[in-house]
Amino acid sequence: MLKLFPPTKHALFKIRRRPYKRVFFPSLIMSSPSSPYHSSSSSSSSSNECHNDLVSMDAATILNSNNPKQAIQYFNYALKHYPITSPTSNLPHLYSAIINVLTFAGMYKRARCLIKDLIQTLLLHPSCKSENHVPFLVFDALNHLQSSEKFSPDVFGVLIIAFCEMGLVDEALWVYQQIVKVMPPSVQACTALLNGLVKKDRFGSMWELYKDMVLCKILVPNVVTYAVLVGACCRQGYVSIARSLIFDEMVKEKGIRPNVVIYTTLIHGFCSESKLSEAEALFQEMRESGVLPDLYTYNILIESYCKMGNVKQALHLYQGMLGGGLYPDVVTFGILIDALCKEGELLAARSLFVHMAMLGVCPNLIVYNRLIDDHSKSGNLSEAMHLFLEMEKLKISPDVFTYSILMKGFCGVGRTEEAYVLLKRMNREGVIANSVTYNSLINGYWNVQSATSLFSEMLIKSLVPDVVVFTTLIDGHCKIGNLKEALQLHKEMLRAGLNPSVFTVTCLIDGFCKDGRTSDAIKFFLENTRGGRSGKQINKMNGSFCTPNHVMYTSLIQGLCRDGQIFEATKFFWDMRCGGIQADAWIYTVMLEGHLTVKHLIGVMMLHADVIKIGIMQNENICLILARGYRENGFLKSAFNCSKDSIRCSQSPAS
Numbered sequence: 001m002l003k004l005f006p007p008t009k010h011a012l013f014k015i016r017r018r019p020y021k022r023v024f025f026p027s028l029i030m031s032s033p034s035s036p037y038h039s040s041s042s043s044s045s046s047s048n049e050c051h052n053d054l055v056s057m058d059a060a061t062i063l064n065s066n067n068p069k070q071a072i073q074y075f076n077y078a079l080k081h082y083p084i085t086s087p088t089s090n091l092p093h094l095y096s097a098i099i100n101v102l103t104f105a106g107m108y109k110r111a112r113c114l115i116k117d118l119i120q121t122l123l124l125h126p127s128c129k130s131e132n133h134v135p136f137l138v139f140d141a142l143n144h145l146q147s148s149e150k151f152s153p154d155v156f157g158v159l160i161i162a163f164c165e166m167g168l169v170d171e172a173l174w175v176y177q178q179i180v181k182v183m184p185p186s187v188q189a190c191t192a193l194l195n196g197l198v199k200k201d202r203f204g205s206m207w208e209l210y211k212d213m214v215l216c217k218i219l220v221p222n223v224v225t226y227a228v229l230v231g232a233c234c235r236q237g238y239v240s241i242a243r244s245l246i247f248d249e250m251v252k253e254k255g256i257r258p259n260v261v262i263y264t265t266l267i268h269g270f271c272s273e274s275k276l277s278e279a280e281a282l283f284q285e286m287r288e289s290g291v292l293p294d295l296y297t298y299n300i301l302i303e304s305y306c307k308m309g310n311v312k313q314a315l316h317l318y319q320g321m322l323g324g325g326l327y328p329d330v331v332t333f334g335i336l337i338d339a340l341c342k343e344g345e346l347l348a349a350r351s352l353f354v355h356m357a358m359l360g361v362c363p364n365l366i367v368y369n370r371l372i373d374d375h376s377k378s379g380n381l382s383e384a385m386h387l388f389l390e391m392e393k394l395k396i397s398p399d400v401f402t403y404s405i406l407m408k409g410f411c412g413v414g415r416t417e418e419a420y421v422l423l424k425r426m427n428r429e430g431v432i433a434n435s436v437t438y439n440s441l442i443n444g445y446w447n448v449q450s451a452t453s454l455f456s457e458m459l460i461k462s463l464v465p466d467v468v469v470f471t472t473l474i475d476g477h478c479k480i481g482n483l484k485e486a487l488q489l490h491k492e493m494l495r496a497g498l499n500p501s502v503f504t505v506t507c508l509i510d511g512f513c514k515d516g517r518t519s520d521a522i523k524f525f526l527e528n529t530r531g532g533r534s535g536k537q538i539n540k541m542n543g544s545f546c547t548p549n550h551v552m553y554t555s556l557i558q559g560l561c562r563d564g565q566i567f568e569a570t571k572f573f574w575d576m577r578c579g580g581i582q583a584d585a586w587i588y589t590v591m592l593e594g595h596l597t598v599k600h601l602i603g604v605m606m607l608h609a610d611v612i613k614i615g616i617m618q619n620e621n622i623c624l625i626l627a628r629g630y631r632e633n634g635f636l637k638s639a640f641n642c643s644k645d646s647i648r649c650s651q652s653p654a655s
């Protein structure tokens with residue numbers, strides 16, 4: 001008996017009223033032969049009573065058959081000639097007869113298939129109004145044959161397992177409660193019931209039932225039972241309890257040797273908690289105890305090492321896997337290729353891809369997408385397209401991600417026409433483009449008209465543009481002086497619930513300044529940033545703030561200087577400096593030009609002192625501007641010194 005249990009909740013053993021999943025379970029019944037006991041002139045009566053009598057006779061014939069094969073032949077014939085007239089007819093008894101015969105003969109798998117077949121047949125019948133009545137109907141039919149010589153008590157265990165396999169755990173619990181005191185179910189049935197509860201994440205009920213089974217000596221756990229318990233602990237996040245469960249009770253007390261499923265479940269649990277040292281130790285212990293790891297064990301460890309960035313160790317495991325005669329599958333290769341691509345090891349990834357083909361493992365869509373993506377990002381579009389065409393030869397259909405990856409790659413190098421050709425091909429192939437597809441195309445187009453056309457097409461298809469798409473269009477309209485359209489897009493963006501990025505705000509500020517609307521640029525800056533002039537102003541009317549960066553300040557300051565508002569520009573310049581944003585040579589150039597334009601020499605001198613103080617005086621452009629400014633205003637000595645500095649800067653290797 002377990003000494004330590006995870007926290008439990010109240011067990012719920014009553015049957016819940018819910019719709020059953022109507023899943024088709026293929027029967028393992030043989031095809032119907034001609035009847036071995038009916039003449040060809042036999043026909044079914046239209047009377048329900050006659051029909052039920054005939055079904056009862058067939059059930060008796062099945063029970064009295066010489067062997068299971070003959071019983072199946074009788075059953076197939078009867079099923080073919082007497083279709084369902086009512087779910088409450090004797091049809092369940094016909095099934096009950098063959099299920100009992102098969103269970104009595106130890107043919108449990110076929111018996112389970114027939115139980116599932118019966119349940120689904122009854123559930124799908126239009127006259128079956130009460131879905132919860134069906135399981136009880138099946139149970140009663142099986143219980144009805146207790147007086148028969150071919151009756152097997154194991155039939156109820158088979159029923160429990162069948163219910164669990166169908167996901168009908170409450171019904172399985174009900175059957176268990178009906179029979180547990182009279183004929184306790186087998187360890188297989190008990191284990192299936194526990195596993196059914198685990199699959200439904202009903203851990204509290206599972207642990208309560210397990211304790212009840214052990215205390216009442218209904219269940220003597222075997223290795224499969226322990227595998228279920230270990231899996232439950234790991235799914236609940238109690239991997240350490242699962243570890244102690246195995247070695248304190250299973251191994252030491254019961255002398256049961258853990259199998260590959262138990263070891264692999266524990267290894268997966270430790271890996272999920274990023275405890276790779278414990279997982280590796282258990283892996284080593286597993287091999288030393290003579291339990292051979294399977295493909296799933298290796299894949300778990302390889303994936304975990306890759307997630308932790310230790311691709312070298314993952315490849316070492318891969319080599320050990322091959323050395324042990326275990327061949328990797330497409331999942332193994334997919335994990336390793338993905339990890340190598342993320343590390344920038346494209347040659348190694350390609351080499352592994354070739355090795356994959358040599359071992360006869362066919363790449364799947366995920367592997368191709370990963371390789372195509374990395375080749376596209378590295379600018380190797382010819383190799384990306386080669387892989388794309390290779391997919392076609394292998395009859396692997398590209399999906400929306402494949403197309404989107406390639407389009408983004410083409411747009412990134414300015415080959416937008418080729419990207420658009422891919423979009424047309426994608427539509428012809430019936431692959432539906434998503435937001436990512438259109439985002440890549442719109443972002444890649446320099447032509448505002450073409451980008452706007454794609455944007456409209458995107459909206460027609462009810463696809464939601466993202467911030468990048470809106471910003472790309474806003475930037476395009478601002479660059480061609482179409483500020484009105486840019487502001488309209490900004491409004492649409494806000495209505496869509498999207499928060500403008502720093503780049504969005506910068507584009508619009510630049511647009512306002514180029515349009516001569518510097519006061520609107522200042523207002524827009526203050527409304528959309530957390531800073532503003534004082535660095536503390538916050539717009540309480542709008543929760544979507546962005547922190548101004550160097551580019552945003554430069555755009556605003558340049559616009560103000562161009563408009564002759566040097567004092568306003570100076571305020572924002574020092575606001576930027578106070579906010580911890582480092583000014584570069586370009587913004588000093590802009591500010592110096594602004595001060596010189598309005599003949600503000602004091603400002604020029606202050607900036608001159610500042611550039612010397614922060615160490616960016618060694619810039620040829622700054623020196624030339626200062627020399628010109630001082631010369632034009634009569635400060636010839638200062639102009640001469642700045643000219644010498646500019647010559648020194650031009651000759652410096654760092655300039």
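Going by full-length UniProt numbering, the residue at position 550 of the sequence shown is 550; the numbering climbs one at a time, nothing skipped. Yeah, the Cβ is synthetic: ideal placement off N, Cα and C, and Gly gets one too. Treat the numbers as computed from the prediction; the structure is a model and nothing was measured.
With respect to the C-alpha of M591, the residue from T554, K181 and G511 having the closest C-alpha is T554. Residue G444 holds the alpha-carbon nearest to the alpha-carbon of G412 among Y263, G444, L394 and G334.
The C-alpha of G204 lies about 14 Å from the C-alpha of Y238. Taking a C-beta distance under 7 Å as the contact criterion, R370 and D338 qualify as a contact pair. With a threshold of 16 other beta carbon atoms within 10 Å, D510 meets it and is buried. Comparing alpha carbon positions, the residue from L168, S147, N143 and A486 closest to F156 is N143.
For M391, the uninterrupted alpha helix (DSSP H) run begins and ends at L381 to K393, by DSSP.
Runs of the alpha helix (DSSP H) lying entirely within the stretch 422-491 and spanning at least 4 residues, in chain order: 435-444, 448-460 and 467-479. Counting of Cβ neighbours within 10 angstroms places N195 among the buried residues, the total reaching 16 or more. Rounded to the nearest angstrom, the gap between the Cα atoms of Q449 and L423 is 17 Å.
The C-alpha of Y95 lies about 33 Å from the C-alpha of V214.
Per DSSP, the beta bridge partners of C546 are T529. Apart from the 5 residues on each side of it in sequence, M250 sits with its Cβ closer than 6 Å to the Cβ of Y226 and I256 in its chain, given in chain order. In the assembly as shown, W207 is a buried residue. Its beta-carbon has 16 or more other beta-carbons within 10 Å. In this structure, the CA atom of V198 is about 20 Å from the CA atom of Y296. Here DSSP, grouped into helix, strand and coil, assigns R415 to coil.
The residues Y305, in chain order, have a CB closer than 6 Å to that of Q313 in the same chain once the five nearest residues on each side in sequence are set aside.
A residue is called buried once 16 or more other Cβ atoms fall within 10 Å of its Cβ, and H595 is buried on that count. The C-beta separation of T506 from V551 comes to about 6 Å, placing the pair in contact by the 8 Å criterion.
For M426, same chain residues with a beta-carbon under 7 Å away, outside a window of 5 residues either side, are Y403 and A433 in chain order. In this structure, R202 sits away from A162, with a CB-CB distance that is not shorter than 7 Å.
Sorting V291, G290 and S272 by C-alpha distance to the C-alpha of E303 places S272 at the top.
Counted as a single uninterrupted DSSP element, the stretch harbouring N67 is not any alpha helix (DSSP H), since DSSP gives it neither H nor E. A check of alpha carbon separations from D212 across N482, L359, L193 and K491 identifies L193 as the nearest. Across the structure, Y588 and I622 are spaced so that their CA atoms are roughly 8 Å apart. Distance from F524 to L498 at the Cβ level is roughly 17 Å; contact not present, criterion being Cβ atoms closer than 8 Å.
Nearest to H268 by alpha-carbon distance, out of V182, V260 and A279, is A279.
Residue burial is scored here from C-beta neighbours: S382 has fewer than 16 other C-beta atoms within 10 angstroms and is therefore classed as exposed. The C-beta distance from V330 to V367 rounds to 7 Å, short enough to meet the 8 Å contact threshold. Residue state for V220 is assigned as coil, using DSSP reduced to three classes.
One thing to note: I218 has its Cβ no nearer than 7 Å to the Cβ of A189. With contacts defined by Cβ atoms closer than 7 Å, I396 and L365 form a contacting pair.
Of the candidates H125, G629 and N222, the residue whose Cα lies closest to the Cα of L91 is H125. Judged by beta-carbon spacing, N259 lies within the 7 Å limit of V223, meaning their Cβ atoms are closer than that value. For C306, the uninterrupted alpha helix (DSSP H) run begins and ends at L295 to K307, by DSSP.
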